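Single-structure report; data block below.
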Amino acid sequence: MGMIKVTIDGIEIEVEEGTTILNAARQVGGKIVPPAMCYYSSLKGSGGKCRTCLVRVAAGSTKDPRPMPKLVASCSTPVMDGMIVENTSNQEVLDARKSIVEMLLINHPLDCPVCDQAGECSLQDLGYEHGLAKTRYEFKRRTFENTDIGEHVKLHMNRCILCYRCVYTADQISEGRCHGVIGRGDHAEISTYLEKSIDNDFSGNVIDVCPVGALTDRTFRFKSRVWFTNPMNISRKCENPKCCGKAVAWMSENNILRITARKDENNEVKEFICNTCRFEKKEITDWTVEGPRHIERNSVISQNHYELKPKHNFKVLENTAKQ
Ligand code: SF4
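Quick note, the sequence shown lines up with residues 1 to 323 if you use my numbering.
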C-alpha cells in the first residue's frame with residue numbers, strides 16, 4: 001500500500017492509504033486526536049454511532065480540493081492524498097462536539113460521585129471539556145432499574161450511551177453472545193435475551209470496553225475511587241489459550257481491589273483477559289508483578305503520582321513495563 005499525505009490541524013503526516021482520519025490523528029497523538037466513544041480499534045464494525053469524532057474536511061484531496069459540505073465522522077472516513085482536516089482548530093467542530101455531549105447527557109445521569117467509572121470515564125472527560133453547566137432538556141428522562149447481568153457484571157442502563165462496544169465485544173471475543181440492543185430509537189436498551197445472564201469465559205471484557213459506567217465490575221463496586229488505587233502491571237501464565245495473561249492490578253496497599261486488561265493511551269484494550277484472571281486471581285501471589293503501570297491517558301486517573309511513591313512492600317521483578 002502506498003503512503004499519502006494528510007494535514008490535520010496544521011500538522012502534515014504521511015500515512016498508509018486506507019487509514020481513517022481518526023487513526024491518522026492517533027499516529028500524531030495529543031490534542032489533535034478527536035474523541036471517540038463508540039469506535040474501538042480492536043473491534044470490527046465499531047464506530048459511526050456516537051458522532052463525537054466529527055471533524056471538518058477543509059480540502060478533500062489534491063485532485064479535488066473542495067471542502068466536504070458537512071462535518072464527517074473521522075472514525076469511518078478514510079484520508080485522501082492532500083486532504084486537509086480541521087479538528088480543534090475549527091469552531092464549528094467544537095460547537096458540534098458540545099451539542100453531541102449535550103445530547104449524550106440527556107439521559108445519562110451526572111452521578112459521577114457514586115459511579116465506579118468516575119475518574120476513568122470518557123463521557124466525564126468529554127463533559128468536563130465540552131459540557132454545559134445546565135441542561136436545556138425539559139422532558140421526562142428514560143430511567144431503568146439496575147440489573148445484575150451475570151455473576152460478575154452490573155448493568156446501569158441509565159448510564160448507557162448505546163455505543164454498541166459491549167455487543168461487538170461479546171460477538172467477537174466470546175462464544176454464544178446472549179445480550180444485545182433491543183428496541184429502537186428512544187426505546188433502545190442493552191439487555192440480556194429472555195432473562196439470560198452473561199456467563200462465558202470472556203464476559204468481563206464488556207466492563208473494560210464500556211466508555212461510561214453502564215457496565216461495572218460487581219467485585220469492585222464501591223470499594224474505592226480509582227484515583228486512590230495504585231495500578232501495577234501483573235502477568236501470569238494462563239491456561240486459557242485465548243487469554244493474554246497480562247493485566248493491571250488496582251491495589252490498595254498489598255490488596256488487589258480489581259483486575260482489568262491493559263489499556264493504551266487511547267483507552268483501548270488490545271489484548272483481552274479471561275474471567276479467571278479478572279475475577280478469581282485476586283491474591284498478589286497469583287501473579288508476577290512487573291512494576292507500576294504508567295497511565296498515558298489524559299483524565300482524572302492520571303493525576304495520581306503513584307509512580308513516584310509506590311505503597312506496596314512486595315518485590316518488584318521488573319520496573320520497565322510502560323504499557
Ligand atoms: S453498556 Fe456500555 S458498552 Fe454497552 S452499549 Fe451501553 S455504553 Fe456502550
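All C-beta atoms, glycine included, are put in the ideal place defined by N, C-alpha and C. Given the structure is predicted, the values throughout are model-derived calculations rather than measurements.
query	result
Secondary structure of E280, DSSP reduced to three states	helix
Terminal residues of the alpha helix (DSSP H) in which D95 lies	Q91 to L104
Inter-stretch contact at 8 Å, needing at least 3 Cβ pairs: the stretch 60 to 79 / the stretch 248 to 257	no
DSSP three-state assignment for G119, whether helix, strand or coil	coil
Extent of the continuous alpha helix (DSSP H) to which N324 belongs	The structure shown does not extend to residue 324, since the chain spans only 1 to 323, so no value can be given for it.
Residues near K282 by beta carbon distance below 6 Å, same chain, minus five either side	I256
Rounded C-alpha distance that separates P109 from C50	17 Å
Neighbour-count burial assignment, I21, 16 or more Cβ in a 10 Å radius	buried
Segment contact flag, the stretch 124 to 137 with the stretch 171 to 189, C-beta cutoff 8 Å, min 3 pairs	no
Proximity test, I284 beta-carbon vs the ligand SF4 heavy atom, cut-off 8 Å	no
Sequence-distant residues of its chain with Cβ nearer than 6 Å to M1 (five each side left out)	E16 and E17
Length of the line joining the Cα atoms of A118 and D111	9 Å
Cβ separation of G291 and N240, assumed to be a contact under 8 Å, to the nearest whole Å	At roughly 24 Å, the Cβ-Cβ gap does not stay under 8 Å, so G291 and N240 are not in contact.
Where N319 falls: helix, strand or coil (DSSP)	Low local confidence applies: a pLDDT of 38 at N319 is under 50, so the model's placement there is unreliable, with the coordinate-based value given in what follows. Residue state, collapsed to three classes: coil.
Classification of I259 by the beta-carbon crowding that lies within 10 angstroms, buried from 16 upward	buried
E265 beta carbon less than 9 Å from that of S41	no
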